[in-house]
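A short worksheet on the structure shown next.
In the working numbering, the protein residues as written are 997 to 1091.
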């Protein structure tokens, strides 16, 4: 049996705010970015990868501890405890 990656349940209010989260992160100075990481929910993030704090204005119930990483114009939302991608906000879809 193939093991499914653990996924974090994101709130409805988070889902509705994905565009504004993407735009806020893209405007940040000193954004955290990486390479060679698959932009896929459930993909692992290497342990020493620097992660950025989500902007405070994006905090909703259940997302306070999440971090982010930019890869190829995509915002990867990361569970920093499990070091797994829990959401991908694709830059091309926002524009």
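Ideal Cβ placement from N, Cα and C applies to all residues, glycine included.
Collapsing the DSSP output to three states places residue 1038 in coil. For the set 1086, 1017, 1048, the Cα lying nearest the Cα of residue 1079 is the one of 1048. The residue among 1069, 1082, 1036, 1028 with its C-alpha nearest the C-alpha of residue 1062 is 1082. Note that the C-beta distance between residue 1041 and residue 1071 is not below 9 angstroms.
In this structure, the CA atom of residue 1015 is about 15 angstroms from the CA atom of residue 1024. By the 16-neighbour rule on beta-carbons within 10 angstroms, residue 1065 is buried. Under the three-state reduction of DSSP output, residue 1029 falls in the strand class.
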